[in-house]
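For reference, the structure discussed in these notes is given below.
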Amino acid sequence: MRVGAVEIHALLLVTALGLAYHSWTADDAPPPAQEELAIWDLGATPIDSMQYLAGKRTLTIERKSDEQGSYLWGVSVREQNKGNTVTREFRVNEKGKESFEKLKKPMAKRSLGQLSEADLKEMKLAEPEATIELKAGAETKRLFVGMGAYGGGLKYVREAQSGTVYVLEAKALDDLRWGDSRMVERELLGFKLNQVARVDLTADKKQRSWNTADTKHESATTWLGKLFRLRVVQYVGKNENIHAVDGKTVESTSVMQVILSTQDGQSNTLKLIRVGDGKR
Numbered sequence: 000m001r002v003g004a005v006e007i008h009a010l011l012l013v014t015a016l017g018l019a020y021h022s023w024t025a026d027d028a029p030p031p032a033q034e035e036l037a038i039w040d041l042g043a044t045p046i047d048s049m050q051y052l053a054g055k056r057t058l059t060i061e062r063k064s065d066e067q068g069s070y071l072w073g074v075s076v077r078e079q080n081k082g083n084t085v086t087r088e089f090r091v092n093e094k095g096k097e098s099f100e101k102l103k104k105p106m107a108k109r110s111l112g113q114l115s116e117a118d119l120k121e122m123k124l125a126e127p128e129a130t131i132e133l134k135a136g137a138e139t140k141r142l143f144v145g146m147g148a149y150g151g152g153l154k155y156v157r158e159a160q161s162g163t164v165y166v167l168e169a170k171a172l173d174d175l176r177w178g179d180s181r182m183v184e185r186e187l188l189g190f191k192l193n194q195v196a197r198v199d200l201t202a203d204k205k206q207r208s209w210n211t212a213d214t215k216h217e218s219a220t221t222w223l224g225k226l227f228r229l230r231v232v233q234y235v236g237k238n239e240n241i242h243a244v245d246g247k248t249v250e251s252t253s254v255m256q257v258i259l260s261t262q263d264g265q266s267n268t269l270k271l272i273r274v275g276d277g278k279r
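Residue numbering for the sequence shown follows numbering that gives the first Met the number 0, starting at 0 and increasing by one per position.
Following this line, the structure appears as structure tokens:
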């Protein structure tokens, strides 16, 4: 069968239109997502401590444990004018725990490799804005934090051991930067109101106990609800004297003690102590 010129021209036209359409739609197609890179990976090794140093601010978070299990404790130190320092200690909340655990395997958007001293200086990595140091078992990891990368929401960071520079999402560091406010556990009692099974109250040398399931007294229910709305404003440091006002030890009086117990065996004791005139 002989193919005529008209058929040939038609075939060429269809092919050209197909190529043009493919080129047009390819330009509008979103670029493939870039796979993130692990700066390091500590695997199953838990982080023992983390220190974030930035100018006159230092945030230290350590893993501790007591009879109720493991927890994270933070210490923030800020240098004020005239060499004075303000130290805050606090228990780390769930959001802070997540940020802390993510440091076991921090993920970067991309690697820039090892750069020249001039580039490091330009990115503020020769004299970093902040330093993160982790201790995990026998390992120590350090990450230097530089200026924001162009495009917004990104930071240049440098891994100390290899010298490799990475681009990291800035929000991954926000909780560390503002740790003395964002990471503070404000919940006072450690569990929810609906978990409480028993209450033991001591006040004015009198004792009272009740099981929440059997108590229909509206006043008791309202009082317990108010107790659970209490929030931590500031923690007392381990070296701070809770019986002192303005550096002087004053008389303190136990006002009330509440022991809350849950059905699964948890318990927490809340003590209210009046120090001096009761303003603290």
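We put the beta carbon where it would ideally sit given N, CA and C, even for glycine.
8 Å CB neighbourhood of residue i in its chain, flanking five on each side removed
i      : result
Lys205 : none
Leu192 : Leu223, Gly224 and Phe227
Straight-line gap, residue i to residue j (C-alpha atoms, nearest Å)
i      : j      : result
Lys104 : Asn267 : 34 Å
Leu269 : Asp263 : 19 Å
Ala171 : Ser98  : 7 Å
Lys247 : Ser115 : 56 Å
Ala28  : Thr44  : In this prediction, Ala28 has a pLDDT of 49, which is less than 50 and means its spatial position is unreliable; nothing more can be read from the coordinates.
Ile60  : Tyr155 : 23 Å
Glu78  : Ala53  : 11 Å
Leu187 : Asn92  : 11 Å
Gln67  : Leu271 : 21 Å
Pro30  : Arg109 : Annotation note: pLDDT 49 at Pro30 (below 50); position unreliable, coordinate value reported separately. Those two C-alpha atoms are separated by around 15 Å.
Minimum C-alpha distance to residue i - residue among the options
i      : options                         : result
Glu138 : Met49, Leu36, Gln265 and Asp118 : Met49
Ser75  : Gly68, Gly82, Leu36 and Arg87   : Arg87
Ile131 : His216, Glu66, Ala212 and Arg56 : Arg56
Gly42  : Asn80, Ala202, Ala135 and Asn92 : Ala135
Ala196 : Arg185, Asn210 and Asp203       : Asn210
Met122 : Asp179, Tyr149 and Met106       : Tyr149
Gly175 : Gly73, Ile38, Gly68 and Gly112  : Correcting the residue type first, residue 175 is Leu in the shown sequence and not Gly. Checked all of Gly73, Ile38, Gly68 and Gly112; the closest Cα to Leu175 is Gly73.
Cβ shell of residue i (< 6 Å), same chain only, five flanking positions each side left out
i      : result
Val257 : Leu200 and Leu269
Arg157 : Leu124, Phe143 and Val164
Arg1   : The pLDDT assigned to Arg1 is 46, lower than 50, so where the model puts this residue is not dependable; a value taken from the coordinates is nonetheless given after this. Answer for Arg1: no residue qualifies.
Ser64  : none
Opposing strand residues paired with residue i [DSSP bridges]
i      : result
Thr221 : Partner(s): none; Thr221 has no beta bridge.
Ala37  : Met106
Which residue spans inside the stretch 152-185 form an unbroken beta strand (DSSP E) run of at least 3? Positions of the beta strand (DSSP E) runs, each at least 3 residues long and wholly inside the stretch 152-185, are given as 153-158 and 164-168 in order along the chain.
Could you name each continuous alpha helix (DSSP H) segment of 4 residues or more that falls completely within the stretch 44-118, going from the start of the chain to the end? Look at the stretch 44-118 and you find these whole runs of alpha helix (DSSP H), each 4 residues long or longer: 93-101.
Threshold first: 3 residues or longer. Then list the beta strand (DSSP E) segments lying entirely within the stretch 239-278, N to C. Fully contained in the stretch 239-278 are the following beta strand (DSSP E) runs of length 3 or more, in chain order: 251-261 and 266-274.
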